[in-house]
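If you use the UniProt record's numbering, the sequence shown corresponds to residues 1 to 358, in order.
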Amino acid sequence: RFFGRKLPDTFMSAVERVLGRRTRDRLAGMYDYVVNQRNPLLQLFYLVFVNLIYGGALFFAYPKMGLNDSVVAGYHKAIGAAVVSLCFISWFVACRIDPGTLTKENVVLYDNYECDGILYEGLDCRTCKFKKIARSKHCAVCNVCVARFDHHCAWLNQCVGEQNYAYFLAFLLIHSFSLIYGAVMMALLLYDTVIDKDLLNARFLNTVTREVENASLGMIMKYLLFHEGKIAALLLLCAVMGLVLLGFFGYHLTLVLRNVTTNEGHKWGDVQRAYKIGQNRYEAAVAAAAEGKGGEAEDLEPMPPFPQNPYRLSFTQNIMEVLAPRVSRRRWSSSCKQGHQCHQSNGKARSEEEEAAA
1 RFFGRKLPDT
11 FMSAVERVLG
21 RRTRDRLAGM
31 YDYVVNQRNP
41 LLQLFYLVFV
51 NLIYGGALFF
61 AYPKMGLNDS
71 VVAGYHKAIG
81 AAVVSLCFIS
91 WFVACRIDPG
101 TLTKENVVLY
111 DNYECDGILY
121 EGLDCRTCKF
131 KKIARSKHCA
141 VCNVCVARFD
151 HHCAWLNQCV
161 GEQNYAYFLA
171 FLLIHSFSLI
181 YGAVMMALLL
191 YDTVIDKDLL
201 NARFLNTVTR
211 EVENASLGMI
221 MKYLLFHEGK
231 IAALLLLCAV
241 MGLVLLGFFG
251 YHLTLVLRNV
261 TTNEGHKWGD
271 VQRAYKIGQN
281 RYEAAVAAAA
291 EGKGGEAEDL
301 EPMPPFPQNP
311 YRLSFTQNIM
321 EVLAPRVSRR
331 RWSSSCKQGH
341 QCHQSNGKAR
351 SEEEEAAA
């Protein structure tokens, strides 16, 4: 709330006092477009950023690969190109696959979960004017209801839901391992420099004491940063971003294994806080009653057990909820039934024709 509301409001008020209301309205419109509306800004940033990283590798790292004394073989150039291509493909597919947009016509097809009466009560969506099925949510940015809603991803410029969650996870996994692979390659190229220059046995002049000293790890790091700064920068960038994305993928993997969406995780946090408040009231009321101070009758009623996630299934079933969503299985089942009925009707028609011919 501080970063999403209070800080922007404070900043806009300061702009209005200094630059006037017209400038404030223009900035507010720009802020609303960037933060609250679907826009391709982060998609464009992704394309520019990935191309800059790969371009840096092409210009500064690729020429060092495949040399006679290099530990990085030349075929890593082709592997690098394939890895970047795979990143673009996974991103494009994740951007294009529909997350499970609900309409009045298809909401019945997606209605495959029971309302739990805690997070989902089976009410109508006030915006879309049809049933708000369990595990769905109306996205304020996209202005649509999405089945098994997880979150809105600005990098994809759309929501992540029942039908594209697996592709989103593939996008994260491919990019995290691609960045880690890039970091390993950059580290090996720096190792090439250490071996080629024999830095482990080198001696350096201390500019402060004017004494010649044996190479320390810090001295070698400074040498590499000065002479191979671009490779070191690529290493740092790839390593940090790769680990961040891998951690984000790990977080989503825990959600998958618990059969909880990001949206539901936040809601369960609210439920847990409310339950804790009720538990504290009960304990305080019991303590007051024991001391003869009385207490609210409603607070003296013990709290029921904390509700469990009704959608959590077995290990395999939780994974299949993502890899083979219920709506897809329902479609497959319907197609198989139609095919079987068509086969039976064709067989019956052939039998009647044979009987008529006989």
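By construction, the Cβ of each residue, glycine as well, lies at the ideal position given by its N, Cα and C atoms.
It should be emphasised that the depicted structure is a prediction, and the values quoted were computed from it without experimental measurement.
Cβ-based neighbour list, residue i, same chain, cut-off 6 angstroms, excluding 5 preceding and 5 following
{"i": "T166", "result": "The sequence shown places Ala at residue 166, rather than the Thr named in the question. So the qualifying residues of the chain are V322, L323."}
{"i": "P307", "result": "I118"}
{"i": "P310", "result": "D116"}
{"i": "F249", "result": "L172, L173, S176"}
{"i": "V212", "result": "R203, L205"}
{"i": "D303", "result": "Looking at the sequence shown, residue 303 is not Asp but Met. Closer than 6 angstroms at the Cβ level, and outside the excluded window around M303, lie G278, Q279, Y282."}
{"i": "residue 378", "result": "For residue 378 there is no data in the structure shown, the boundaries of the chain being 1 and 358."}
Segment limits, beta strand (DSSP E) that includes residue i
{"i": "R203", "result": "203-205"}
{"i": "K137", "result": "137-139"}
{"i": "C238", "result": "Taken as a continuous stretch (DSSP letters only), C238 belongs to no beta strand (DSSP E), being part of the alpha helix (DSSP H) at 229-258."}
{"i": "V71", "result": "Run containing V71: none; DSSP gives neither H nor E here."}
{"i": "V50", "result": "Here V50 belongs to no beta strand (DSSP E); instead the alpha helix (DSSP H) covers 41-56."}
{"i": "N214", "result": "212-214"}
{"i": "Q158", "result": "158-160"}
{"i": "V146", "result": "144-146"}
{"i": "C153", "result": "151-153"}
Classification of residue i by the beta-carbon crowding that lies within 10 angstroms, buried from 16 upward
{"i": "R148", "result": "buried"}
{"i": "Q158", "result": "buried"}
{"i": "S176", "result": "buried"}
{"i": "R22", "result": "exposed"}
{"i": "Y251", "result": "exposed"}
{"i": "P305", "result": "exposed"}
{"i": "Y75", "result": "exposed"}
{"i": "R135", "result": "buried"}
{"i": "A57", "result": "buried"}
{"i": "K104", "result": "exposed"}
{"i": "E228", "result": "buried"}
{"i": "V48", "result": "exposed"}
{"i": "Y31", "result": "exposed"}
{"i": "V160", "result": "buried"}
{"i": "D192", "result": "buried"}
{"i": "G292", "result": "exposed"}
{"i": "K6", "result": "exposed"}
{"i": "A290", "result": "exposed"}
{"i": "G20", "result": "exposed"}
{"i": "G29", "result": "exposed"}
{"i": "A285", "result": "buried"}
{"i": "C139", "result": "buried"}
Supposed contact pair residue j and residue i - C-beta distance, whole angstroms, cut 8 angstroms
{"i": "H151", "j": "N263", "result": "6 angstroms"}
{"i": "L235", "j": "M186", "result": "4 angstroms"}
{"i": "residue 366", "j": "A183", "result": "Residue 366 lies beyond the range of the chain shown here (1 to 358); nothing can be said about it."}
{"i": "Y110", "j": "L102", "result": "6 angstroms"}
{"i": "L237", "j": "I53", "result": "7 angstroms"}
{"i": "L255", "j": "K64", "result": "Rounded, the Cβ-Cβ distance is 41 angstroms, inconsistent with contact."}
{"i": "I277", "j": "F60", "result": "Actually they are not in contact, since the Cβ atoms of I277 and F60 sit about 57 angstroms apart, beyond 8 angstroms."}
{"i": "R24", "j": "V15", "result": "5 angstroms"}
{"i": "V327", "j": "Q163", "result": "7 angstroms"}
{"i": "K132", "j": "C145", "result": "7 angstroms"}
{"i": "Y46", "j": "W155", "result": "6 angstroms"}
Range of the contiguous alpha helix (DSSP H) that encloses residue i
{"i": "V271", "result": "262-290"}
{"i": "V15", "result": "7-19"}
{"i": "V194", "result": "165-196"}
{"i": "Q317", "result": "315-323"}
{"i": "Y311", "result": "First-last for Y311: undefined, no H or E at that position."}
{"i": "L109", "result": "107-110"}
Same chain, Cβ closer than 7 angstroms to residue i, neighbours up to 5 away in sequence not counted
{"i": "S90", "result": "A170, F171, I174"}
{"i": "M241", "result": "L179"}
{"i": "L199", "result": "A215, I220, Y223"}
{"i": "V141", "result": "N36, Q37, R38, H152"}
Own chain partners of residue i with C-beta closer than 8 angstroms, once the 5 adjacent residues on each side are dropped
{"i": "D196", "result": "D69"}
{"i": "residue 410", "result": "The question about residue 410 has no answer, for the chain in this structure spans 1 to 358."}
{"i": "L313", "result": "N259, E321"}
{"i": "K267", "result": "L119"}
{"i": "N143", "result": "T127"}
{"i": "G269", "result": "none"}
Within-8 angstroms CB hit, residue i to chain B
{"i": "V146", "result": "In the structure shown, chain B does not exist; there is a single protein chain."}
- prompt: Between the segment 66-81 and the segment 96-104, do at least 3 Cβ pairs fall closer than 8 angstroms?
  reply: Counting Cβ pairs under 8 angstroms, fewer than three are found: no touch.
field: the segment 113-125 / the segment 79-86 touching (three or more Cβ pairs under 8 angstroms)
entry: no
- prompt: If we count Cβ pairs, one from each stretch, closer than 8 angstroms, do we get three or more for the segment 251-267 versus the segment 196-211?
  reply: Segments in contact, no.
message: Any contact between the segment 36-47 and the segment 214-223? By contact I mean 3 or more CB pairs, one from each, below 8 angstroms.
response: no
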